[in-house]
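Beneath this line is the structure, given in structure tokens, with notes to follow.
4 protein chains.
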Amino acid sequence: MGTGLSRREKERHRQRGDMLAAALELFSEKGYHHVSMKAIAKRAEFALGTIYRFFSNKEDLYKAAMLEKAGEYHRTLTDVLSGEQGVLAALNAYITAKARIFAPNIEIFYLYFAETGGVSFNLRAGLHEEIGLLHDDLIKRLASVMDKGVRARILRDLDPHDMAVALEGLTNAFLLSWLKDPERHPYEESINTISKLFLEGSLAA
Amino acid sequence: MGTGLSRREKERHRQRGDMLAAALELFSEKGYHHVSMKAIAKRAEFALGTIYRFFSNKEDLYKAAMLEKAGEYHRTLTDVLSGEQGVLAALNAYITAKARIFAPNIEIFYLYFAETGGVSFNLRAGLHEEIGLLHDDLIKRLASVMDKGVRARILRDLDPHDMAVALEGLTNAFLLSWLKDPERHPYEESINTISKLFLEGSLAA
Amino acid sequence: MGTGLSRREKERHRQRGDMLAAALELFSEKGYHHVSMKAIAKRAEFALGTIYRFFSNKEDLYKAAMLEKAGEYHRTLTDVLSGEQGVLAALNAYITAKARIFAPNIEIFYLYFAETGGVSFNLRAGLHEEIGLLHDDLIKRLASVMDKGVRARILRDLDPHDMAVALEGLTNAFLLSWLKDPERHPYEESINTISKLFLEGSLAA
Amino acid sequence: MGTGLSRREKERHRQRGDMLAAALELFSEKGYHHVSMKAIAKRAEFALGTIYRFFSNKEDLYKAAMLEKAGEYHRTLTDVLSGEQGVLAALNAYITAKARIFAPNIEIFYLYFAETGGVSFNLRAGLHEEIGLLHDDLIKRLASVMDKGVRARILRDLDPHDMAVALEGLTNAFLLSWLKDPERHPYEESINTISKLFLEGSLAA
DNA sequence: AATGAATGAGGGTTCATTCAT
DNA sequence: GATGAATGAACCCTCATTCAT
Chain P
1 MGTGLSRREK
11 ERHRQRGDML
21 AAALELFSEK
31 GYHHVSMKAI
41 AKRAEFALGT
51 IYRFFSNKED
61 LYKAAMLEKA
71 GEYHRTLTDV
81 LSGEQGVLAA
91 LNAYITAKAR
101 IFAPNIEIFY
111 LYFAETGGVS
121 FNLRAGLHEE
131 IGLLHDDLIK
141 RLASVMDKGV
151 RARILRDLDP
161 HDMAVALEGL
171 TNAFLLSWLK
181 DPERHPYEES
191 INTISKLFLE
201 GSLAA
Chain G
206 MGTGLSRREK
216 ERHRQRGDML
226 AAALELFSEK
236 GYHHVSMKAI
246 AKRAEFALGT
256 IYRFFSNKED
266 LYKAAMLEKA
276 GEYHRTLTDV
286 LSGEQGVLAA
296 LNAYITAKAR
306 IFAPNIEIFY
316 LYFAETGGVS
326 FNLRAGLHEE
336 IGLLHDDLIK
346 RLASVMDKGV
356 RARILRDLDP
366 HDMAVALEGL
376 TNAFLLSWLK
386 DPERHPYEES
396 INTISKLFLE
406 GSLAA
Chain C
411 MGTGLSRREK
421 ERHRQRGDML
431 AAALELFSEK
441 GYHHVSMKAI
451 AKRAEFALGT
461 IYRFFSNKED
471 LYKAAMLEKA
481 GEYHRTLTDV
491 LSGEQGVLAA
501 LNAYITAKAR
511 IFAPNIEIFY
521 LYFAETGGVS
531 FNLRAGLHEE
541 IGLLHDDLIK
551 RLASVMDKGV
561 RARILRDLDP
571 HDMAVALEGL
581 TNAFLLSWLK
591 DPERHPYEES
601 INTISKLFLE
611 GSLAA
Chain D
616 MGTGLSRREK
626 ERHRQRGDML
636 AAALELFSEK
646 GYHHVSMKAI
656 AKRAEFALGT
666 IYRFFSNKED
676 LYKAAMLEKA
686 GEYHRTLTDV
696 LSGEQGVLAA
706 LNAYITAKAR
716 IFAPNIEIFY
726 LYFAETGGVS
736 FNLRAGLHEE
746 IGLLHDDLIK
756 RLASVMDKGV
766 RARILRDLDP
776 HDMAVALEGL
786 TNAFLLSWLK
796 DPERHPYEES
806 INTISKLFLE
816 GSLAA
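Protein chains in written order, with our numbering: chain P, 1 to 205; chain G, 206 to 410; chain C, 411 to 615; chain D, 616 to 820.
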């Protein structure tokens, strides 16, 4: 018993997911203001009014879609970092995972990036903060890996938090560069460059 | 002495500048779609119609405002790089200048960043490309400085273009980190970290 | 019995009709450019946006309103001409019907007339042509009646098409004259005059 | 002695004429509402403000332009009618003159026609009346010619005023028909038809 | 007297949101 | 609960008119 309810809840959750997916697709294709609720309803194959039973307004839907994706990314990246592997393997896995996540979704990356960066304005008040928290958490986890690496004398002896921020900046920059012009600038080489910057005595080796 | 014409032209230019300034303020405060032409007119203290004597539509005004600022930033940063100084001095000056430029204009930085990154959609077609060109030029100039540094055995022996991209990513990341929480994370320390990542034998010293 | 669908369709058609009626009223009262969509919405007792569910823009609404009325007039007049009556009866019926149609709608007559004439400019491209086709059709039908009359030696032996055009011109002129000053110039006398001009040997009688 | 003033007045009159000509050209090309005062100023090669020294507003300019042309037409047509010629010659001259006047100016004809007809709305209040007076005067003069013709037993014995109105309607209709499709419907034949309708015993001859 | 830059009311249209069915 | 027609506020832009130069 309660299965009836449960089934209904599952169904509701599935519908919500369909809406979020449709919304995210359209938002990343055209940008927030160029997507109408009607278009989202159509893409998601729901009636316009039905969307409003799940999200109180467009704003809310946007936030939910972004947070959904951000949460997914965050989960993937933290999973990668928390594996039972060595420091170098973890960082390599992180860098690779980030590329794997964003490559097929460059638009979403931009969106996410803009939010992470801050191009969010009052409009998305709240979203900014929530994504900020995720980002802070990620930095903290990265810093902890860095710390481990420094103590193991694998990484250069710099402030772990700074190194985490640096890694974020480097991966973002190389990702963008790669996505802009995939041929001219293979991502693998970027990984090498990033590694060398962090590794202790890398030149000596 | 042509002062008649010159005065009128100067006046026109001043008005245009006022409009661009007002537009930029508002766009960075609220985002493109949340700013009405009426609001820009009011902020700039012109009549609505007057704006249309200078810019053919909102789109045009936005592009002009962004390009104006982007050009200004680009000029400042390339000036810094082309001084008759050593490699290290040049890079330090660059990093500092970037902070000096963006610190008071974090919103504009986000805007610029978003455009550099790509959150621009069809809407701003053209702008994206033009800013992209400026950015490419900057990278090229940075790479040339890096090359000089590598050949002088001051910097690590990595691909100069990659190092340029890396520097961009690092400065952006640290700037954002600093601007988010100025107390906790002094920008000066970031500069140290950045330096150390690029300097040859920095750990040995 | 499909009544559900039918009812909705009927409702839709009724709404469309109300909008067209309101639009036609206002357009004939004040002219195309002096009527705002808001005013039409108000007169038709719909919200502004609702009108746009039926007509894609003001232009479209105008054309639809004109064509609606033109079609109605055309139907009425061709019906009159195609009755199983004699030539004289047909022409008399035509002249009378025209008066009956336009008398209560002098403004619409002007509008129709202007379109028939050509005061439409690019703006109403298309409408002009469509109304022109209706007009040509009417002339052709009139000419055919004239032809019958000529062959029956009831009407003067002139070119039927010319006679049709002439009848149009005469009825228009007398209608306008009558509508301008109904007392001074009874329409019945106009009919007599028109008849006499076309009848063979009318003076001899 | 007054020559100075006179010269200035002449100059003013010439300027006024240039403005009216430019305005009429544009109005007939595009229609009242699609012509801006700026465009008229440019076509007339005057400054925008200067136009307002001659006409208090756009409305006023339109009326003046229409009345100017209407007066010109009226003068031409009444001149033709008041010549020392026979009735038939006068009517023929009238019909020909009307074609000569309007053929190169079909748009103005439509405009004039619309005003004569009545598509004028509140907007052009006044203009309508004034053109109406000219039109009435023309009808009266035509009627007087008709009367002479009837008394001379050249024309059919119908009410002269009706015949005048009829002639107006016929010439308008044939003119429009001709202007719409000049090849298919030579105006000369129309003249024949018109003549036959009015001439006494024309079929007998 | 001539100029044309500046003004701002007003119009067409879109679209987030509501609510009767 | 689901639907989508109806609503109307708000936006971009034009252009007749004014007035400082």
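Note that CB positions come from ideal geometry on N, CA and C, so glycine has one too. This one's a predicted model, so the numbers in the text were calculated from it and none came from an experiment.
Three-state secondary structure (DSSP) of residue i
{"i": "G/L363", "result": "coil"}
{"i": "P/E72", "result": "helix"}
{"i": "G/N397", "result": "helix"}
{"i": "C/G536", "result": "coil"}
{"i": "C/N467", "result": "coil"}
{"i": "G/R212", "result": "helix"}
{"i": "G/A352", "result": "Per the sequence shown, the amino acid found at residue 352 of chain G is Asp instead of Ala. G/D352 falls in the helix class under three-state DSSP."}
{"i": "G/Y392", "result": "helix"}
{"i": "P/D136", "result": "helix"}
Residue j beta carbon less than 9 Å from that of residue i
{"i": "P/F46", "j": "P/M66", "result": "no"}
{"i": "D/N707", "j": "D/I769", "result": "no"}
{"i": "P/Y207", "j": "P/Y62", "result": "Given that chain P is displayed from residue 1 to residue 205, the structure contains no residue 207 of chain P and the question cannot be resolved."}
{"i": "P/L280", "j": "G/G374", "result": "The structure shown does not extend to residue 280 of chain P, since chain P is modelled only from 1 through 205, so no value can be given for it."}
{"i": "C/E435", "j": "C/R422", "result": "no"}
{"i": "D/L782", "j": "D/M761", "result": "yes"}
{"i": "C/T460", "j": "C/A451", "result": "yes"}
{"i": "P/H185", "j": "P/F198", "result": "no"}
{"i": "C/E599", "j": "D/D796", "result": "no"}
{"i": "P/E130", "j": "P/A70", "result": "yes"}
{"i": "G/E413", "j": "G/E289", "result": "Because chain G here runs from 206 to 410, residue 413 of chain G falls outside it and cannot be looked at."}
{"i": "C/R551", "j": "C/S492", "result": "yes"}
{"i": "D/T693", "j": "D/L753", "result": "yes"}
{"i": "D/A705", "j": "D/V695", "result": "yes"}
{"i": "P/F102", "j": "P/L179", "result": "yes"}
Residues that residue i contacts on chain D, provided the C-beta gap is smaller than 7 Å
{"i": "C/H443", "result": "H648"}
Chain C contact residues for residue i, given Cβ-Cβ distances below 9 Å
{"i": "D/N787", "result": "G527, G579, N582, A583"}
Contacts that residue i makes with chain D (C-beta to C-beta distance below 8 Å)
{"i": "C/T506", "result": "Ordered by position in chain D, no residue passes the 8 Å Cβ test against C/T506, which lies about 17 Å from the chain."}
{"i": "C/S587", "result": "V780"}
Which residues DSSP lists as bridging residue i, in chain order
{"i": "C/L430", "result": "C/L430 pairs with nothing; no bridge assigned."}
{"i": "G/L404", "result": "G/L360"}
Check: residue i C-beta below 8 Å from any heavy atom of the ligand MG
{"i": "G/L384", "result": "With respect to the ligand MG, the structure shown offers nothing to examine, as it has no ligands at all."}
Cross-chain neighbours of residue i in chain P, by beta carbon under 8 Å
{"i": "G/T398", "result": "L158, D159, D162, M163, A166"}
8 Å Cβ cut-off: residues of chain C touching residue i
{"i": "D/K811", "result": "R566, L568"}
Contacts that residue i makes with chain D (C-beta to C-beta distance below 9 Å)
{"i": "C/E599", "result": "D774, D777"}
Ignoring anything shorter than 4 residues, give me the alpha helix (DSSP H) runs that lie fully in the stretch 692-729 of chain D, in order along the chain.
702-717
In chain order, which alpha helix (DSSP H) runs of at least 4 residues are fully inside the stretch 419-465 of chain C?
447-454, 458-464
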